[in-house]
Ligand code: FES
Ligand SMILES: [Fe+2]
């Protein structure tokens with residue numbers, strides 16, 4: 002015992018929790034996220050314009066490769082990359098032949114359901130000659146595929162948006178980023194009302210309400226914005242259709258539509274894209290305003306990025322009453338992880 006301690010009863014050491022160490026519950030040592038990086042849901046494979054009839058593309062999502070192709074009649078299809086015969090990669094030399102994809106190695110052909118339909122040098126097709134293929138839908142100028150960890154069928158459907166293809170709306174302006182963060186970090190932005198003021202410099206903290214409707218999460222926020230000559234109010238309604246597709250509609254100052262899609266690339270990185278349209282109604286002032294909103298969106302993304310790329314996701318964060326519906330959002334997304 003040291004001299005200074007003589008005559009004193011030893012004090013009970015302060016618990017690690019009392020000293021605030023260890024964080025609000027723990028993340029696993031080798032991950033920043035206490036949940037699967039690969040949730041269930043519909044995810045963007047590509048924009049429709051990125052895949053023409055007869056085209057074959059290799060995608061790298063969910064920590065692996067996939068082959069996306071469009072048949073000659075225009076159907077998008079997503080399959081496992083390696084041929085069930087002797088393992089050739091269909092993304093390297095595979096060709097679309099009518100409705101089939103043909104392997105470059107021995108020219109076996111596979112149809113819409115992944116089954117082999119033709120072997121040029123055999124009469125009988127082995128019953129197991131079938132490629133794994135995935136559920137794909139093409140909507141709103143996007144090709145989505147359904148990811149289910151257990152190989153199950155889609156748990157919900159995606160909506161058709163009336164604004165897409167309407168001539169009173171601008172053609173979508175598309176932005177792409179690769180971010181070292183989870184899809185959740187990006188999506189949670191809409192319910193994290195306080196960050197808008199402190200990260201993006203909004204005039205006020207936008208009051209935000211949220212509700213869950215099965216696979217859809219609805220967030221409504223009212224923003225006070227700086228506009229030429231003063232301030233204006235805009236309402237933002239965000240609809241999350243699962244983890245991979247978020248629709249943001251703004252009304253008030255100008256009617257806008259944003260389609261945000263986040264697809265995990267691997268356990269650390271996410272491919273993020275925004276597609277942005279404005280109801281212009283032939284008004285050049287609205288088009289000018291749209292340009293400045295797009296510029297602002299790009300800046301906002303760069304404000305968020307360093308925070309997303311270095312943060313962790315606590316399983317039980319310490320929240321306060323002004324935080325808005327973050328806990329509500331996290332409860333909703335549990336159905337996908
Ligand atoms: S490896 Fe594909 S046909 Fe032989
Ligand atoms: Fe943000």
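In this note's numbering, the protein residues as written are 2 to 338.
Glycine included, C-beta positions come from ideal geometry on N, C-alpha and C.
- Annotated as distal: residue 82 and residue 69, with beta-carbon spacing of 8 Å or more.
- Residue 80 is positioned such that its CB atom lies closer than 8 Å to that of residue 134.
- The Cβ atoms of residue 278 and residue 178 do not sit closer than 8 Å to each other.
- If you ignore the 5 residues before and after residue 94, its C-beta comes within less than 6 Å of the C-beta of 105, all in its own chain and listed in chain order.
- For residue 239, the number of other beta carbons within 10 angstroms of its own is at least 16, and it is reported as buried.
- Annotation for residue 109: 86, 117, 120 place their beta carbon closer than 6 Å to its own, counting only its chain and skipping 5 residues before and after.
- Taking a cut-off of 8 Å on C-beta distances, the region 60 to 75 does not touch the region 287 to 296, as fewer than three cross pairs fall below it.
- Look at residue 315 here: in three-state DSSP terms it is coil, with no helix or strand label.
- With a cut-off of 7 Å, the C-beta of residue 90 is classified as distant from ligand 2, since no heavy atom of the ligand falls inside that distance.
- For ligand 2, no non-hydrogen atom lies closer than 7 Å to the CB of residue 281.
- For residue 117, the beta-bridge partners assigned by DSSP are 111.
- In this structure the region 266 to 276 does not lie against the region 204 to 217, because fewer than three pairs of beta carbons, one per stretch, are closer than 8 Å.
- Judged by beta-carbon spacing, residue 77 lies within the 8 Å limit of residue 137, meaning their Cβ atoms are closer than that value.
- Residue 160 is positioned such that its CB atom lies closer than 8 Å to that of residue 242.
- Residue ranges of uninterrupted alpha helix (DSSP H) with 4 or more members, entirely inside the region 280 to 316 and ordered along the chain, are 285 to 311.
- Boundaries around residue 194 are those of the alpha helix (DSSP H), 194 to 199, since no beta strand (DSSP E) includes it.
- CA-CA distance, residue 96 to residue 131, rounds to 17 Å.
- Inclusion of residue 107 in the 7 Å shell around ligand 1 follows from its C-beta lying nearer than that to a non-hydrogen atom of the ligand.
- In this structure, residue 314 sits near residue 183, with a CB-CB distance shorter than 8 Å.
- Residue 335 is classed as exposed because its beta carbon has fewer than 16 other beta carbons within 10 Å across all chains shown.
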